[in-house]
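Residue numbers (my numbering): 191 to 694. Even for Gly, the Cβ is constructed at its ideal location relative to N, Cα and C. For clarity, every value in this text was computed on a predicted model and none was experimentally measured. Take a look at the structure set out below.
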Ligand code: GLC
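Below, the structure written as C-alpha cells:
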C-alpha cells in the first residue's frame, strides 16, 4: 500500500506512453519517514520499504533503455534524528566534536529552558528542540528548520561536505542522471544565529532578505562543491529547490559553477489570471536571462495544492488546469509534471485527521492539515480504492471513493480526457524543433488574455477572462477545450481555455 521501486519499473511503459523524458523520485534513501523520506538516516542506501540498491539499478537501466533519465532527490540540509551522526552527537554531550556537525546551542534564560533564538520551523513551532543529557537533565537545544526529526547540518563542518561528495558519487556511479536538491536555498546559516527581526516577513517564497534562515552567502560555496563533483559525470545535472523570490538573488544559484537548473516557483504560485501568469513567466525568464541558464516550469509538486483545486476545483478547475498545461508546455525550458496532474487529480482535503501523516498537522497544533492532500496515490484502474495501486486494501494515504473516473484505464482511450490532452501536448511539443532562446515575444491581447510566441514560431494564447475572445489567426495545433461555438466573424477562444497555433 506504499508503492515501491519495482512498482515504478512495472509502470515504465506508462511513462513512455505519457511521453516524458525522465523521472524525479522523491527521497527513497533509508529513512524513518517522519517527513515522507526527507529525513534521511542513511543517504547511501535504499529504504527497504521501497526495495534495495539493486532494484534502483534495474530501474535506472529500464529507464535508460526507454531513453528516460532518473533524477534522485538529495537532502543536504538536514539528516534524520536516526542518522548515526545525530545519535552520536546526543550521546557525546555538550562541547563534543560530535555535536559540531549540527547546531547544538545552550538555551536562553536562567535554566536554559528557552530556545537559543526566535527562529520558527517551517512546519510550525520553534526551530529548536531540547535534548535530555546522559544524567537525565534537560540539556542543549538543536536547530531544525523543519521537523524536530530533521536536525540541520552545519555546513561549515568539513565532514558534512565530504560525506555529501561520497553520496553524490555513490548514486552517480550507480547510473543516476542527476539530483533534485532539497532546500537548496537553506544549507548555510549565519554564524551568530541572531534573532529574526520582529517584523520580518516569513513566507515560503522568501522575499525578505532579513529572514536569515535562508539564502545566506555561504550557500553558494556548497553549490560550487556539489557542481565540482557532478561535473565529473558528463551529462549529469542538478535541479535546486530554490524558494527565493527576487530574481537577482535567485539567479545567483545558476551561475556557471553552481546549479545547472533551479525551480523558480513563480508560475506554481500564480493564480489563474492572465496578468499574474504573464508576470510569473517574465520573472522566471528574467532570472534565466541574468544567469544565462535554461528555465524550468512546474504547476505543482508534492508540497503544494494541486492545480485543479487551486484554480477552482471541479469542471472549472479542470478546464483551467488543462489550459495552464498548454501554457507551461509552450514555455521555453524544462517542464515538470507532478504525478497525477496528467489524470486531472484534485487535492484531497477529505483525508480523515487520524490518517494524516504530514508533520505539519501535529506541529501546527492541528491548525493546518499539511500536504497529504496532494500525495494520495494515483489511481490506475477499476472503480474502487486502491484502483490497482496496490494488492493491499490499505494504502498509506486513503484513496477517495470518487476517483474511478480519474483512473488511467478510464482515460486512456477517451480522446477528451486530461490524460489524452497531456499525451497529445507532450507529443506535439516533441515534434517541434524547440526554441533557441529562453525568451518569448508577447502579443497584445484582450483584457484577461495573454498570447506569446516562441522563437520557433509556435504561439500560445490563454483566456482567463469570463468572455469569449476572437482566436488569433493561424493553424490550430492543439486546444485545451472546445473552440466552439464559432461566430459569424470566425473562431473564438472561450474562457478558461488555451490554444497552440502556428500563425499563417
Ligand atoms: C522540501 C521538500 C519538502 C520537505 C522539506 C524538508 O521543501 O520539498 O517536501 O518537507 O524540503 O526536507
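- These are the residues, in chain order, with a beta carbon less than 6 Å from any non-hydrogen atom of ligand 1: 225, 228, 265, 336, 372, 373, 431, 492 and 493.
- Residue 231 is classed as buried because its beta carbon has at least 16 other beta carbons within 10 Å across all chains shown.
- When the beta-carbon positions are compared, residue 207 and residue 467 stay at least 8 Å from each other.
- Distance from the CA atom of residue 194 to the CA atom of residue 576, rounded to whole angstroms, is 15 Å.
- By the 16-neighbour rule on beta-carbons within 10 angstroms, residue 556 is exposed.
- In this structure the segment 469 to 489 does not touch the segment 594 to 612; the number of beta carbon pairs closer than 8 Å is below three.
- Rounded to the nearest angstrom, the gap between the Cα atoms of residue 638 and residue 322 is 58 Å.
- Residue 417 is not a Cβ neighbour of residue 372, given a cutoff of 8 Å.
- Note that the segment 287 to 296 does not touch the segment 398 to 405; fewer than 3 beta-carbon pairs, one per stretch, sit closer than 8 Å.
- Along the length of the segment 325 to 382, whole alpha helix (DSSP H) runs at least 4 residues long occupy 348 to 364, reported in chain order.
- In the three-state scheme derived from DSSP, where H, G and I count as helix and E and B as strand, residue 192 is classed as coil.
- Counted as a single uninterrupted DSSP element, the stretch harbouring residue 617 is not any beta strand (DSSP E) but the alpha helix (DSSP H) occupying residues 608 to 621.
- Every alpha helix (DSSP H) of 4 residues or more that sits fully in the segment 268 to 304 is shown, in chain order, as 274 to 282.
- Looking at 499, 424, 482 and 378, the one whose alpha-carbon comes closest to that of residue 411 is 378.
- A direct Cα-Cα distance of roughly 17 Å separates residue 265 from residue 213.
- Here the C-alpha atom of residue 534 lies approximately 8 Å from the C-alpha atom of residue 609.
- Rounded to the nearest whole angstrom, the CA to CA distance from residue 202 to residue 191 is 19 Å.
- Around the beta carbon of residue 392, a 10 Å sphere encloses fewer than 16 other beta carbons of the protein chains shown; the residue is thus reported as exposed.
- DSSP, reduced to helix, strand and coil, places residue 415 within a helical segment of the structure shown.
- With a threshold of 16 other beta carbon atoms within 10 Å, residue 273 meets it and is buried.
- Apart from sequence neighbours up to five positions away, the residues of its chain that approach residue 636 with a beta-carbon distance below 6 Å are 659, ordered along the chain.
- If you draw a straight line from the Cα of residue 235 to the Cα of residue 574, it is about 35 Å long.
- Counting only the Cα atoms, residue 516 lies some 56 Å from residue 282.
- Taking a cut-off of 8 Å for Cβ pairs, the segment 583 to 592 and the segment 490 to 508 do not touch, as fewer than three such pairs fall below it.
- DSSP places residue 508 inside the alpha helix (DSSP H), whose first and last residues are 504 to 520.
- Taking 8 Å as the cut-off, the beta carbon of residue 513 is found closer than this to the beta carbon of residue 688.
- In this chain, residue 459 is not harboured by any beta strand (DSSP E); it is covered by the alpha helix (DSSP H) spanning 456 to 459.
- The beta carbon of residue 349 sits closer than 6 Å to those of 291, all from its chain and outside the five residues before and after it, given in chain order.
- Linking residue 669 to residue 553 through their CA atoms gives a straight-line distance of about 44 Å.
- Exclusion of the five residues before and after residue 631 leaves 642 and 643 as the residues of its chain whose Cβ lies within less than 7 Å of its Cβ.
- Only buried fits residue 268, as 16 or more other CB atoms lie within 10 angstroms of its CB.
- Boundaries of the beta strand (DSSP E) harbouring residue 430: 427 to 431, taken from the DSSP string.
- If you look at residue 214, you'll find it in the beta strand (DSSP E) that goes 212 to 215.
- Checking the DSSP bridge columns, you'll see residue 632 partnered with 642.
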